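In this text, residue positions in the sequence shown follow the numbering used here: the first is 263, and each later residue adds one. The beta carbon of each residue, even a glycine, is placed where N, CA and C say it ideally should be. If you're wondering where the values come from, they're calculated on a predicted model, not measured in any experiment.
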Amino acid sequence: MKNIIIACIMMAAAIPALPLTLDFESGKAEGFEINGEYARIGEKSPVSGKRSLMINSTEAPSEWTWCFRTASGVLKAGAEYTVTLTVRAVSLDPEGSMVHCLVRLLDPPDYKLDIGVFNVTETGDKKVTMTFKVPADRPNYAFQIHTRYKVKAIIDDIVITEKGAPAAAPAVSAGVTKIDFEQGKQPTFTCVEPYGRVSGESVIAGKGSLLIDSYSGENEWTPCFMTATGMLKPNTEYTVTFNVRTLSLENDSYVHCLIRPLDPPDPKFDLGVFNIKETGDTKVTLSFKTPADPATYALQIHTHFKAKAVVDDIVITAKGAPKAVAAVPAASGAIKLDFESGKQPSFTLVAGNATIGTADAIAGGSSLIIDTTGSANEWNPCFMTAPGVLKPDVSYTISFMYKTITGDEESSYLHCIVRQPDADDKADLVHVDIKDGGGTAKRFEAKFKVPAGAANYLFQLHTRNKVRAIIDDIIITPTK
């Protein structure tokens, strides 16, 4: 890579201590510099919280453009580090474009001396993890983000941890706390071992989830997890969301999610309860207001009899705080569409047939609402993923939550397909009609492989005749 010098606007501040979490919520540059010509801290479609780092090199004159780097002195000579971050690549054009994450000397900025590189070459959300050791004789390495060619991307939640230092706590900003279990045990929660622990087994997102397994227990009720004292403040309104994948349940067993004081741990004081009695994936939402007393309320997860489940992406939002964007299971290459941030470049809605709304939302605050009850057409396209989301010669599992409320006609239903634009149904990779109405939330799942050389397959939702349906938590996961 050639070294390109570009006139830029740089923002810098004092060096903070490690572990360092850069979530851009303050809007200030603390411990890093950005190239103000091609990067800025913005509020439009943040990855999490209310602000992210926005990168746009579509007008850059050079092949390579630097956009972000940590300040001199953040990385120490001779030390070992792990850097994690989330990259949302919005557009990459032309072919060969990428978000280029690297660890490079500030002086001389020679790419031959790079000690870590991670390239993001596909659109969507990606969890990046880089582990490296700074040479003892080179004190001025920096973690940097460059682009190749024309790129739009959003960066957030950069965490720099030195080996041997305590792990960075989950981000807490403007009343939003996120617990994603990527850093192992944290002071913000307690796992009741052996029934609850952070594990890489059957993870929902990233490399770690909370694993709950009470099969070795002898009691009817088994506490497994609880947030720390002080996480929930007295006399405050909250919404708590998280994902649960229930793996197995014995007769009359269930996963018991609740808001209860740690002291006294009395069920008569419970503010919210959500019981999961079926296997599969469930998005849990609990809304409540804590009283002034007792002051020890916590989110807790217990089991009734014997159960095994995985929990991830706990988001605790105080009333008045900016809505947190649901985490994406990007470490596995998955793309999650939860519609919490409105319209996104990863999908298209057909005007008049599909909107994003809050009425009857399945999970979080918003869902995709499909309504063709006013259409005179037999077939109505409503939703489709953007070109490039599905890659050639890749196998996928696609799943989503749905509630359907069909019209009067027996031939009314939701039509789920994976099809090329303007093609007929003979080449469909998925072709499923959902006819079960009644308004009960259920999960759909399908598996397929995009043929080699076929770059334009799209996941699509159509209706036949008059249908109203609500869709949420679309997850597209490559399986090889």
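Is it right to say residue i is buried, meaning 16 or more other beta carbons lie within 10 angstroms of its own, or is it exposed?
i: residue 639; result: exposed
i: residue 393; result: exposed
i: residue 319; result: buried
i: residue 288; result: exposed
i: residue 529; result: exposed
i: residue 497; result: exposed
i: residue 312; result: buried
i: residue 535; result: exposed
i: residue 688; result: exposed
i: residue 283; result: buried
i: residue 523; result: buried
Go ahead and pull the three-state DSSP assignment for residue i.
i: residue 485; result: strand
i: residue 556; result: coil
i: residue 387; result: strand
i: residue 543; result: strand
i: residue 531; result: helix
i: residue 728; result: coil
i: residue 374; result: helix
i: residue 419; result: strand
i: residue 689; result: helix
i: residue 394; result: strand
i: residue 493; result: coil
i: residue 336; result: coil
i: residue 635; result: coil
i: residue 424; result: strand
i: residue 573; result: strand
i: residue 667; result: strand
i: residue 741; result: coil
i: residue 465; result: coil
i: residue 657; result: strand
i: residue 562; result: strand
Locate the beta strand (DSSP E) running through residue i, then write down its first and last residues.
i: residue 261; result: It is not possible to answer for residue 261, since the shown part of the chain is limited to 263 through 742.
i: residue 286; result: No beta strand (DSSP E) contains residue 286, which DSSP labels as neither H nor E.
i: residue 719; result: Note, residue 719: premise wrong, no beta strand (DSSP E); not H, not E.
i: residue 499; result: 499-511
i: residue 354; result: 342-367
i: residue 331; result: 326-332
i: residue 458; result: 458-461
i: residue 318; result: 314-318
i: residue 674; result: No beta strand (DSSP E) contains residue 674, which DSSP labels as neither H nor E.
i: residue 707; result: 704-711
i: residue 295; result: 294-296
i: residue 443; result: Element bounds for residue 443: n/a, residue is neither H nor E.
i: residue 788; result: No answer is possible for residue 788: it lies beyond the span of the chain, which begins at 263 and ends at 742.
i: residue 303; result: 301-304
i: residue 628; result: Neither: residue 628 is in no beta strand (DSSP E) and is coded neither H nor E.
i: residue 232; result: Summary: the structure shown does not reach residue 232, with the chain confined to residues 263 through 742, and so no result is reported for it.
i: residue 451; result: 451-453
I'd like to check one pair, residue j with residue i: are the Cβ atoms closer than 8 angstroms?
i: residue 651; j: residue 712; result: no
i: residue 450; j: residue 489; result: yes
i: residue 611; j: residue 733; result: no
i: residue 463; j: residue 281; result: no
i: residue 680; j: residue 721; result: yes
i: residue 565; j: residue 540; result: no
i: residue 414; j: residue 353; result: yes
i: residue 600; j: residue 418; result: no
i: residue 628; j: residue 737; result: no
i: residue 330; j: residue 365; result: no
i: residue 607; j: residue 648; result: yes
i: residue 386; j: residue 351; result: yes
i: residue 293; j: residue 333; result: yes
i: residue 395; j: residue 346; result: no
i: residue 340; j: residue 291; result: no
i: residue 474; j: residue 563; result: yes
i: residue 575; j: residue 504; result: yes
i: residue 739; j: residue 659; result: yes
i: residue 741; j: residue 696; result: no
For residue i, which residues in the same chain have their Cβ closer than 6 angstroms to its Cβ, ignoring the five residues on either side in sequence?
i: residue 512; result: 567, 568
i: residue 501; result: 549, 579
i: residue 381; result: 360, 362
i: residue 653; result: none
i: residue 308; result: 314
i: residue 355; result: 412
i: residue 544; result: 506, 538
i: residue 691; result: 680, 710
i: residue 619; result: 631
Which residues in the same chain have their Cβ closer than 8 angstroms to the Cβ of residue i, if we skip the five residues on either side of it in sequence?
i: residue 632; result: 615, 616, 644, 645, 676, 723, 725, 729, 730, 731, 732, 733
Considering only residues of the same chain and omitting the five flanking positions on each side of residue i, which have a CB-CB separation below 7 angstroms?
i: residue 367; result: 375, 400, 402, 403
i: residue 683; result: 718, 720
i: residue 271; result: The predicted model places residue 271 with a pLDDT of 37, which falls under 50 and marks its position as unreliable; any figure quoted below should be read in that light. Within the same chain, residue 271 has close Cβ partners 298, 299.
Would you please verify whether the beta carbon of residue i is less than 8 angstroms from any beta carbon of chain D?
i: residue 341; result: In the structure shown, chain D does not exist; there is a single protein chain.
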